[in-house]
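Protein sequences, first through last, are from chains G and A.
For what it's worth, the numbering used here labels the leading residue of the first sequence as 124, then goes sequentially.
For what it's worth, the numbering used here labels the leading residue of the second sequence as 4, then goes sequentially.
Just so you know, even glycine gets a beta-carbon here, dropped at the ideal spot from N, CA and C.
Fair warning: this is a prediction, and the values are worked out from it, not measured in the lab.
Here the structure is laid out as structure tokens; the discussion comes afterwards.
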Amino acid sequence: MSGATASSYQPPTKVGRIADFVDQRTGASPLLREFGRKIFPDHWSFMFGEVALYSFVILLLSGTFLTFFFNPSMAETHYEGAYVPLRGMEMSVAYQSSLDISFEVRGGLFMRQVHHWAALLFVVSLGVHMLRVFFTGAFRKPREINWVIGGFLLILAMAAGFTGYSLPDDLLSGNGLRIIDGVIKSIPLVGTWISFFLFGGEFPGTAIIGRLYVLHILLVPALILLLLVLHLFFVVLHKHTQYPGPGRNDGNVVGYPLGPVYAAKAGGFFFIVFGVVALMAAAFTINPIWNYGPYDPSPVSAGTQPDWYIGWVDGALRLMPGVLGSVDGYRQHFEFVIFGQTLTLNVLLPALVPAGIVFTVLFTYPWIERWITKDDREHHVLDRPRNAPTRTAIGMAGFTFYCVMWAAAASDLIATHFHVSLNDVTYWLRTLFFLGPIIAFVVTKRVALGLQRKDREIALHGRETGRIVRLPHGEFIEVHAPLDEYKRYRLVSFESPAVLPAQPNARGIVDRKERRRAKLSRWFFEDRVAPVTVAELEAAHEHGHEAIAAHEEETAKSLGH
Amino acid sequence: MGNHSDGAPQHGGAVATAGQTEQAFADPGLPPHRPRLADLDPRAAKRAERQVTALFIISVIGTVVFLVAYFAIDLGHDSDIATIRLQNLLLGLGTAFAMLGIGTGIVHWAKALMPDHEVSEARHGIRTDEDREAAVKIVDDILEETGVKRRPLIRNTLIGATVLSVFPAVAVFGDLGPRPDQKLRHTMWAPDEATGQKVRLTRDPDGTPIKASEVTIGSAFHVIPEGLNELHEGKLNEKAKAVVLLMRLNPADLNISAGRENWSYNGIVAYSKICTHVGCPVALYEQQTHHLLCPCHQSTFDLTNECAVIFGPASRPLPQLPIEVDAEGYLVASSDFHEPVGPSYWEREYS
Numbered sequence: 124m125s126g127a128t129a130s131s132y133q134p135p136t137k138v139g140r141i142a143d144f145v146d147q148r149t150g151a152s153p154l155l156r157e158f159g160r161k162i163f164p165d166h167w168s169f170m171f172g173e174v175a176l177y178s179f180v181i182l183l184l185s186g187t188f189l190t191f192f193f194n195p196s197m198a199e200t201h202y203e204g205a206y207v208p209l210r211g212m213e214m215s216v217a218y219q220s221s222l223d224i225s226f227e228v229r230g231g232l233f234m235r236q237v238h239h240w241a242a243l244l245f246v247v248s249l250g251v252h253m254l255r256v257f258f259t260g261a262f263r264k265p266r267e268i269n270w271v272i273g274g275f276l277l278i279l280a281m282a283a284g285f286t287g288y289s290l291p292d293d294l295l296s297g298n299g300l301r302i303i304d305g306v307i308k309s310i311p312l313v314g315t316w317i318s319f320f321l322f323g324g325e326f327p328g329t330a331i332i333g334r335l336y337v338l339h340i341l342l343v344p345a346l347i348l349l350l351l352v353l354h355l356f357f358v359v360l361h362k363h364t365q366y367p368g369p370g371r372n373d374g375n376v377v378g379y380p381l382g383p384v385y386a387a388k389a390g391g392f393f394f395i396v397f398g399v400v401a402l403m404a405a406a407f408t409i410n411p412i413w414n415y416g417p418y419d420p421s422p423v424s425a426g427t428q429p430d431w432y433i434g435w436v437d438g439a440l441r442l443m444p445g446v447l448g449s450v451d452g453y454r455q456h457f458e459f460v461i462f463g464q465t466l467t468l469n470v471l472l473p474a475l476v477p478a479g480i481v482f483t484v485l486f487t488y489p490w491i492e493r494w495i496t497k498d499d500r501e502h503h504v505l506d507r508p509r510n511a512p513t514r515t516a517i518g519m520a521g522f523t524f525y526c527v528m529w530a531a532a533a534s535d536l537i538a539t540h541f542h543v544s545l546n547d548v549t550y551w552l553r554t555l556f557f558l559g560p561i562i563a564f565v566v567t568k569r570v571a572l573g574l575q576r577k578d579r580e581i582a583l584h585g586r587e588t589g590r591i592v593r594l595p596h597g598e599f600i601e602v603h604a605p606l607d608e609y610k611r612y613r614l615v616s617f618e619s620p621a622v623l624p625a626q627p628n629a630r631g632i633v634d635r636k637e638r639r640r641a642k643l644s645r646w647f648f649e650d651r652v653a654p655v656t657v658a659e660l661e662a663a664h665e666h667g668h669e670a671i672a673a674h675e676e677e678t679a680k681s682l683g684h
Numbered sequence: 004m005g006n007h008s009d010g011a012p013q014h015g016g017a018v019a020t021a022g023q024t025e026q027a028f029a030d031p032g033l034p035p036h037r038p039r040l041a042d043l044d045p046r047a048a049k050r051a052e053r054q055v056t057a058l059f060i061i062s063v064i065g066t067v068v069f070l071v072a073y074f075a076i077d078l079g080h081d082s083d084i085a086t087i088r089l090q091n092l093l094l095g096l097g098t099a100f101a102m103l104g105i106g107t108g109i110v111h112w113a114k115a116l117m118p119d120h121e122v123s124e125a126r127h128g129i130r131t132d133e134d135r136e137a138a139v140k141i142v143d144d145i146l147e148e149t150g151v152k153r154r155p156l157i158r159n160t161l162i163g164a165t166v167l168s169v170f171p172a173v174a175v176f177g178d179l180g181p182r183p184d185q186k187l188r189h190t191m192w193a194p195d196e197a198t199g200q201k202v203r204l205t206r207d208p209d210g211t212p213i214k215a216s217e218v219t220i221g222s223a224f225h226v227i228p229e230g231l232n233e234l235h236e237g238k239l240n241e242k243a244k245a246v247v248l249l250m251r252l253n254p255a256d257l258n259i260s261a262g263r264e265n266w267s268y269n270g271i272v273a274y275s276k277i278c279t280h281v282g283c284p285v286a287l288y289e290q291q292t293h294h295l296l297c298p299c300h301q302s303t304f305d306l307t308n309e310c311a312v313i314f315g316p317a318s319r320p321l322p323q324l325p326i327e328v329d330a331e332g333y334l335v336a337s338s339d340f341h342e343p344v345g346p347s348y349w350e351r352e353y354s
């Protein structure tokens with residue numbers, strides 16, 4: 124009917140006319156109607172994901188610039204460029220072009236620095252973002268799949284970082300590749316073959332830089348981009364989570380509309396992230412490849428370090444003992460020859476097992492917790508970490524596990540900076556590798572429960588005012604000011620799941636799996652602090668009015684307890 | 004503390020947890036909006052406006068700094084480090100101010116002047132139960148119409164064909180490099196097969212031969228085989244296997260095992276420099292303790308005990324290179340290493 128007739132609607136403003144022009148050709152108005160004022164909750168801890176997104180954009184921009192000048196060839200050449208100390212040296216074309224980018228391309232050094240700093244920031248922000256998501260329980264239904272996508276993004280970010288780190292073909296990155304080659308060769312059955320295929324023959328060969336280059340500028344970023352889009356699609360679909368507080372529940376989303384406030388803040392934040400990266404690139408040298416020289420299998424500099432995100436795997440390699448026992452006495456080797464085949468567990472175990480544990484727990488955790496709690500509801504309100512003590516403790520145990528390995532990657536630097544024995548540092552870190560996570564678990568859980576008790580105290584009796592009053596019978600008490608209802612609601616409005624005992628299944632039987640689940644549920648929730656109830660608050664108030672003195676005495680007792 | 008679930012010690016385990024929901028606090032709703040200074044005082048709003056403008060002007064200045072640094076400082080073949088550093092600093096500061104000016108300006112604008120009323124929006128389920136049922140039905144119907152359940156023969160042959168079709172990819176992957184064969188077992192130290200000519204030990208990197216008389220007690224040499232520098236192809240590959248550390252100790256300090264009596268000369272010993280852990284060069288020689296230390300993962304080898312591992316992640320001693328002295332007094336390798344150098348691999352025992 125209206126196919127040929129023009130719409131009678133005339134937009135009143137100029138911008139409106141442009142928007143309408145686009146809309147009549149794209150049909151974007153329903154989209155704008157849906158998203159133009161979409162609500163986004165606001166919290167500083169939600170910005171880590173944004174930092175990751177923005178550093179990825181910066182990486183694409185600066186990386187594209189670098190590809191214009193970089194030459195990934197391992198052909199041999201003699202350097203005759205601007206950097207005098209290396210003139211006349213034999214080196215690969217890849218290293219030469221990296222030097223040329225640094226010294227002869229205008230702004231090239233700046234771009235290299237921006238690219239490297241942004242890469243470090245990218246992985247940091249991904250990691251911190253995932254910690255935030257874990258500790259606040261944002262991975263719960265319906266966001267489990269998005270959590271898994273995030274885990275793959277973390278792995279891909281590390282892969283992008285490592286492939287890029289190796290490209291300049293300097294001494295440091297060459298030694299990094301050498302270590303990778305050694306680790307690959309430790310893989311049973313196929314390791315040697317994979318090494319030869321990867322390097323196109325013996326290490327170092329002449330193929331590896333070109334191959335890593337294709338992975339680094341094509342395959343890995345394409346995968347990251349794909350998962351990133353999927354990740355953001357799910358964020359929009361699920362709507363963002365929000366912290367608990369008055370007016371917020373699982374049925375709503377409270378925050379600022381996308382246009383204009385949220386878009387302005389988020390858009391402005393991109394420029395801030397870019398600005399901070401530029402500042403770091405201006406002031407702090409990163410990866411000065413000209414100091415290391417070209418790759419040569421013979422020399423190595425002391426204090427070699429991988430980029431920070433590979434550190435934990437390198438640290439695990441350092442912690443594993445190859446032989447236990449003295450040279451004269453009994454020696455336990457961790458390399459075994461079985462039926463003529465060499466199994467070198469002193470390399471294989473630390474390279475695979477810790478990373479395997481971390482990523483297995485990371486990927487399966489949402490389902491583990493879901494199984495234990497039998498909780499099938501959707502969660503859009505986050506947990507404050509203290510209100511999920513066992514989860515928080517598990518997270519801190521994992522974090523400590525990671526950090527011990529990470530510290531081990533700097534064992535030599537710890538030894539030289541603090542003037543302690545390198546061997547002692549290693550022995551301590553080996554001990555902490557096992558004990559650290561346990562200590563972290565116990566301490567974190569106690570701290571979380573303590574904080575919950577403190578919240579309970581404040582909710583029941585108000586905050587301490589610091590005003591001391593003398594009662595008629597001579598006793599001194601401190602006056603507590605009651606909270607307003609909004610602040611109090613924040614402290615009392617959390618869920619505190621109780622132990623869920625084993626339940627019979629459809630056939631009326633409590634099977635072994637269910638008993639195991641019940642045991643885990645006990646472990647998870649037997650230590651719990653229940654939120655204050657209305658009745659308790661009323662009781663506390665009456666109590667307070669009738670016998671402040673007695674109450675204070677009791678509090679004092681419990682404090683000394 | 005008899006009761007684990009007792010959150011508040013002063014109640015002695017009397018915390019009621021049952022019926023928690025009935026007693027839960029009612030949600031007081033969003034706290035009242037607190038107006039900002041700029042909402043109440045037009046002068047404050049004006050001030051914020053000026054601040055935002057100032058930040059944007061700082062950004063303009065940053066851009067100008069970048070452009071000046073870019074065009075005024077030219078890099079080329081003769082640019083020195085100081086110039087490059089200066090340009091990097093100015094480009095970076097220019098970009099930083101340009102970006103931070105825009106960023107902080109926009110954020111300040113949003114926080115001080117744009118409406119800051121928090122809005123509550125209802126969440127809707129991501130799909131209705133109706134859609135859900137329909138979708139499950141569609142999937143079931145599709146499966147039913149293919150008849151894949153009723154015709155297992157089709158299903159099984161399809162699975163078999165698909166699995167097999169992956170193998171060409173594996174074969175292609177296999178062509179990325181040559182087969183390992185015996186390559187890891189052999190180095191340039193093997194005497195010439197035709198003439199029996201033994202390979203001289205030469206200094207890394209210049210390749211000058213080393214006389215036994217030049218090696219004093221306590222000294223150490225980084226060694227490459229003679230002829231390595233003249234290789235046109237695969238020089239780094241050969242070097243990665245052949246590098247050796249040469250040291251001289253007091254012969255009384257060496258514990259030599261049976262069969263290795265002729266592998267050293269007057270306390271001069273040569274060991275592979277490639278760590279048996281994951282292949283870093285074992286570049287640190289502690290002269291006093293006669294320890295060799297790998298800087299990558301701190302594997303420590305005891306030179307007096309034929310480089311047995313005394314600390315760190317390596318499991319095998321460094322392979323020893325048997326050496327002797329030729330007619331002219333130069334050190335030569337009696338033979339190749341008797342085992343593969345470098346990191347262990349699956350086929351190490353036989354290839």
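Item, Value
"Report the residue from 647/G, 561/G, 303/G and 537/G whose alpha carbon sits nearest the alpha carbon of residue 513/G.", "647/G"
"Helix, strand or coil, according to DSSP, for residue 126/A in the structure here?", "coil"
"What does a CB cutoff of less than 6 Å around residue 651/G pick up in its chain, not counting 5 residues either side in sequence?", "619"
"DSSP three-state call for residue 310/G: helix, strand or coil?", "coil"
"Run through DSSP, which three-state label would residue 287/A get?", "strand"
"To which residues does DSSP link residue 212/A through a beta bridge?", "205/A"
"Here's the rule: buried if 16 or more other CB atoms are within 10 angstroms of the residue's CB, otherwise exposed. What is residue 24/A?", "Low confidence applies here, because residue 24/A scores a pLDDT of 48, under 50, leaving its location unreliable and the question unanswered by this model."
"Which residue spans inside the segment 464-515 of chain G form an unbroken alpha helix (DSSP H) run of at least 4?", "468-496"
"Assuming residue 532/G and residue 390/G form a contact by the criterion Cβ under 8 Å, report the distance between their Cβ atoms to the nearest whole angstrom.", "The Cβ separation is near 37 Å, so there is no contact."
"So if I threshold CB-CB distances at 9 Å, which residues from the segment 388-399 of chain G count as touching chain A?", "388, 390, 391, 392, 393, 394, 395, 396, 397, 398 and 399"
"Once DSSP output is grouped into helix, strand and coil, what is the label at residue 248/A?", "strand"
"Could you check the C-alpha separation between residue 379/G and residue 159/G for me, to the nearest Å?", "11 Å"
"Residue 310/A: which of 299/A, 316/A and 293/A sits nearest, CA to CA?", "293/A"
"Since residue 182/G is in the alpha helix (DSSP H), which residue starts that stretch and which ends it?", "170-192"
"Should residue 464/G be flagged as near chain A, meaning a C-beta pair shorter than 7 Å?", "yes"
"Rounded to whole angstroms, what is the Cα-Cα separation between residue 48/A and residue 39/A?", "9 Å"
"Pull out every residue of the segment 120-149 of chain A whose Cβ sits closer than 7 Å to any Cβ of chain G, in chain order.", "121, 122, 123, 124, 125, 126 and 129"
"Under 8 Å by Cβ, that's how I've got residue 226/A and residue 273/A pegged, so tell me the actual separation to the nearest angstrom.", "7 Å"
"At 7 Å on the CB atoms, spell out the chain A contacts of residue 443/G, in chain order.", "316"
"Tell me which residue opens and which closes the alpha helix (DSSP H) that residue 561/G is part of.", "545-584"
"Output yes if chain A places a C-beta closer than 7 Å to the C-beta of residue 457/G; else output no.", "yes"
"Let me know if residue 354/G comes out buried or exposed under the rule of 16 or more other beta-carbons within 10 Å of its beta-carbon.", "buried"
"Starting from the C-beta of residue 190/A, find all residues in its chain whose C-beta is less than 8 Å away, skip the five residues before and the five after it, and write them out in chain order.", "228, 241, 244, 245, 339, 340 and 344"
"Rounded to the nearest angstrom, what separates residue 32/A and residue 578/G at their Cα positions?", "20 Å"
"Hey, is residue 320/G's beta-carbon within less than 7 Å of any beta-carbon in chain A?", "yes"
"Measuring only the C-alpha atoms, how far is residue 633/G from residue 510/G?", "30 Å"
"Does any residue of chain G have a CB that is nearer than 7 Å to the CB of residue 346/A?", "yes"
"Within 10 Å of its beta-carbon, does residue 385/G have 16 or more other beta-carbons around it, so buried, or fewer, so exposed?", "buried"
"If I follow the unbroken beta strand (DSSP E) through residue 215/G, where does it start and stop?", "213-215"
"Establish whether the CB of residue 401/G and some CB of chain A are separated by less than 7 Å.", "yes"
"Using the rule of at least 16 other Cβ atoms within 10 Å of the residue's Cβ for burial, across every protein chain shown, is residue 301/A buried or exposed?", "buried"
"Cβ of residue 308/G within 7 Å of Cβ of residue 348/A?", "yes"
"Let me confirm a value: residue 219/G is counted as buried when at least 16 other C-beta atoms fall within 10 Å, else exposed. Which label applies?", "buried"
"For residue 552/G and residue 247/G, I'd like the C-alpha separation in whole angstroms.", "23 Å"
"Report all residues from its chain with a CB closer than 6 Å to the CB of residue 308/A; omit the five preceding and five following residues, and keep chain order.", "258"
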